[in-house]
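Undergrad: Residue numbers (my numbering), protein chains in the order written: chain A, 26 to 323; chain B, 25 to 290. All C-beta atoms in this analysis are idealised placements derived from N, C-alpha and C, irrespective of residue type, glycine included. In this text, all values refer to a predicted model and were calculated from it rather than measured experimentally.
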Amino acid sequence: MMRLELEYRYISGAYGTVFKGKNKKNDAVVALKRVRIPITDDGVPLSTIREVSLLKQIGTYRHPNIVQILDVCHGKRLEKELIMYIVFEHMEQDLSSYLDKCSRGAGIKSTEIRKIIHGILSGVEFLHLHRIVHRDLKPQNILLTESGVVKLADFGLAKTYDFDMKLTSVVVTLWYRAPEILLGMPYATPVDIWSVGCILGELYLLKPLFCGSSDSDQLMKILRILGRPKFEDWPQDISLKYDSLDVGEVGDLRNLIPNLCENGYDLMMKMLTFKYSKRITAGDALKHVYFSEEPLDT
Amino acid sequence: MSYYGSAGKYSNKMKDVIDVMELQREKNRKIQQLDYRKLDFAGGFTPARFIFECGMKLQGQPLTLATAAILMHRFFKEVDQSNYDCYLIAASTLYLAGKVKDDPLKIRDIINVAHNTLHRGNGPLEIGDEYWNMRDAIVQAELLIMRVLKFEVSITHPHKFMLHYLKSMEGWLGRDQWNAAPIARTAAAFLQDFHHDPSILDYAPQHVAIACISLALQCYGVRLPLIEDNDDEAWYSVFVKDLQKDRHWEIMEKVMEVYNKEPETS
């Protein structure tokens, strides 16, 4: 077992608090995520047991685009909950701070964007192959190593986090949410592809693609750029009727992101496909010609 | 088809196998009712036996029971066995395994079945202090097991490997020969019974699967076509490359030993 020393708290996010810590054995700096596990009359919830054990199993594969899980430790035991710490490798930079830095400078080279998106998609494909839906992909939980390799963080505990979220009142960002989540429909792996599509746009645009302030506002912002979906792609079994959709003037993604190349645009549209069953999969996206075209420096 | 295979270097070992099978048949005529309260830990055999008996009564999936047995063996590998009630741990691993495998077993059913298996002939436990104490004990023990096992509670079972090996062998042997002997059933029975012994933790799941199939093949004297019987290559080399012959025998012997550990009933 690791001996850890908490240094200081540095992010109090929607999904529990993250601490920076030090492994006393080798002085390695680690990130510690504190998660509250409810203990009911039935003991530890089934979802937590399944998620934590899956997370530990995932760690053994050491995928290059997945943040390395070093350990799972238990902390304080209270009457009705157990504090658990998940120990990750620590990284100084995430995609959000990187975007910040680049937006104040010269932007991001398109070859660099391609590398980042390829890394994200590789990580997403790996998660999907292991039956994990990330559900909350966004620049804040995509970490960057010093050599520019992306690593996905904050996955695999969706149901465990749900409990934690009920206890915190932090607003979760909606900007990367797929339409099916916004519409309250059942969802699966395609939601992550949607998020990657949003991030792809953001890397070119240097600001978020769709910045809604509520579920319905978010949906409207999406439709105002992508246009109203085809009638047959609109879900039948929801209260929001197709005919009542008043989208108004529709912008054009091409004009919005003029520096996006042809193949990049094609891939992005395949990732931002409204109907989730028609959305491209991570595996197919990785085979897209966008990733194999001649490197161009812009 | 010869029941004893060809005479030769395996004949001594083969005799063991046949003896085991005979013993098994003898014992299986009547399911013995063990009085667990009189049994000792027996290297983990007793709680494993308890898990399988209770688990079957609870109609848990075979993989759920296998998970419970593995978790129990892993737990007792980490702690001093004399500090814990092995039946409480066994019942708790069943409960935990149900959650791990998404085959939830109700805690109340587990308590009733465990209680009745320990105290045969008694009626169901009344809802009272004893019931609530047991319930609390299981919930606490579940958490303890998780912590002792450092939350590593998902297991790679030999079963899935065994299934694929057997499926390939079905085509390899041809339908007629395949149906002539219950290879799959026997191999699966060996595998399940091997879960009574903590030594199952020492071997790769692929290797355990192969050893159980080998044992089943030998029991029924089935030989695989197109395989030369030589020392350089084993029949299973198409499936696993890293299983040495002596290790293969070692696992088979461990599987056979399980049948000697079964307590005698009067």
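Would you tell me roughly how many angstroms separate the C-alpha atoms of Asn203(B) and Leu190(B), rounded to the nearest one?
TA: Using only the alpha carbons, I get a separation of about 12 angstroms.
Undergrad: State yes or no: is the C-beta of Ser178(B) within less than 9 angstroms of the C-beta of Leu79(A)?
TA: A contact, by the Cβ cut-off of 9 angstroms.
Undergrad: Find the nearest neighbour of His220(B) within the set Thr70(B), Pro206(B), Lys62(B), judged by alpha-carbon distance.
TA: His220(B) has its Cα closest to that of Thr70(B), out of Thr70(B), Pro206(B), Lys62(B).
Undergrad: Just list the residues that DSSP pairs Arg56(A) with in beta bridges.
TA: This sequence places Ala at residue 56(A); Arg is not what is there. Lys45(A), Phe113(A), per the DSSP bridge assignment.
Undergrad: According to the Cβ coordinates, are Ile74(A) and Lys123(B) closer than 9 angstroms?
TA: Against a cut-off of 9 angstroms, the Cβ pair of Lys123(B) and Ile74(A) comes out as a contact.
Undergrad: Which residues in chain A sit within 8 angstroms of Arg171(B), going by Cβ to Cβ distance?
TA: Residues of chain A passing the Cβ test: His99.
Undergrad: With 16 as the cutoff for other CB atoms within 10 Å, does Cys236(A) come out buried or exposed?
TA: It counts as exposed.
Undergrad: So, Leu199(A) versus Gln243(A), is the Cβ gap smaller than 9 angstroms?
TA: Yes, these two residues count as a Cβ contact at 9 angstroms.
Undergrad: Closest to His115(A) by C-alpha separation, out of Ala56(A), Val221(A), Tyr267(A), would be which residue?
TA: Ranking Ala56(A), Val221(A), Tyr267(A) by Cα distance to His115(A) puts Ala56(A) first.
Undergrad: Do the stretch 151-167 of chain A and the stretch 311-318 of chain A touch if we need at least three Cβ pairs shorter than 8 angstroms?
TA: Touching, no, given that fewer than three Cβ pairs across the two stretches are closer than 8 angstroms.
Undergrad: Looking at the structure shown, is Ile305(A) part of a helix, part of a strand, or coil, going by DSSP?
TA: In the structure shown, Ile305(A) sits in coil (DSSP, three-state: anything other than H, G, I, E or B).
Undergrad: Are any of the Cβ atoms in chain A nearer than 9 angstroms to that of Val282(B)?
TA: It does not; no Cβ of chain A falls within 9 angstroms.
Undergrad: Tell me whether Asp77(B) is buried or exposed, calling it buried when 16 or more other Cβ atoms sit within 10 Å of its Cβ.
TA: Before going on, a small fix: residue 77(B) reads as Glu here, not Asp. Buried, since its Cβ has 16 or more Cβ neighbours within 10 Å.
Undergrad: Among Gly308(A), Phe180(A), Tyr229(A), which one has its Cα closest to the Cα of Ile157(A)?
TA: For the residues Gly308(A), Phe180(A), Tyr229(A), the minimum Cα distance to Ile157(A) belongs to Phe180(A).
Undergrad: I'd like to know if Lys174(B) contacts chain A, where contact means its C-beta is closer than 9 angstroms to some C-beta of that chain.
TA: Lys174(B) counts as touching chain A.
Undergrad: Given a cut-off of 9 angstroms on the beta-carbon distance, is the pair Val149(A) and Ala307(A) in contact?
TA: Taking 9 angstroms as the Cβ cut-off, Val149(A) and Ala307(A) qualify as a contacting pair.
Undergrad: Determine which residues share a DSSP beta bridge with Arg102(A) and list them.
TA: DSSP lists Leu107(A) as partners of Arg102(A).
Undergrad: Any residues in the stretch 53-68 of chain A with a beta carbon nearer than 8 angstroms to a beta carbon of chain B? Which ones, in chain order?
TA: Going along the stretch 53-68 of chain A in chain order, one finds Ile64, Asp66, Asp67, Gly68 with a Cβ nearer than 8 angstroms to chain B.
Undergrad: With DSSP run on the structure shown, which of helix, strand or coil describes Asp66(A)?
TA: Correct three-state label for Asp66(A): coil.
Undergrad: In the DSSP assignment, find the beta strand (DSSP E) that holds Phe176(A) and state where it starts and stops.
TA: Before going further, note that residue 176(A) is Lys rather than Phe in the sequence given. Where Lys176(A) is concerned, the enclosing beta strand (DSSP E) stretches over 175-177.
Undergrad: Look up Gln3(A) in the DSSP assignment and say whether it is helix, strand or coil.
TA: Since the first residue shown for chain A is 26 and the last is 323, residue 3(A) is missing from the structure and cannot be characterised.
Undergrad: Which residues in chain B have a C-beta closer than 8 angstroms to the C-beta of Ile74(A)? List them in chain order.
TA: The answer, in chain order, is Leu120, Lys123, Val124, Met170, Val177.
Undergrad: Give the interface partners of Leu79(A) over in chain B, defined as CB-CB distance under 7 angstroms, in chain order.
TA: Going along chain B in sequence order, the residues near Leu79(A) (Cβ under 7 angstroms) are Ser178.
Undergrad: Could you spell out where the alpha helix (DSSP H) holding Leu168(A) opens and where it closes?
TA: No alpha helix (DSSP H) contains Leu168(A), which is instead part of the beta strand (DSSP E) from 167-169.
Undergrad: If you measure beta-carbon to beta-carbon, which residues of the stretch 137-161 of chain A are closer than 8 angstroms to chain B?
TA: Those would be none; no residue qualifies.
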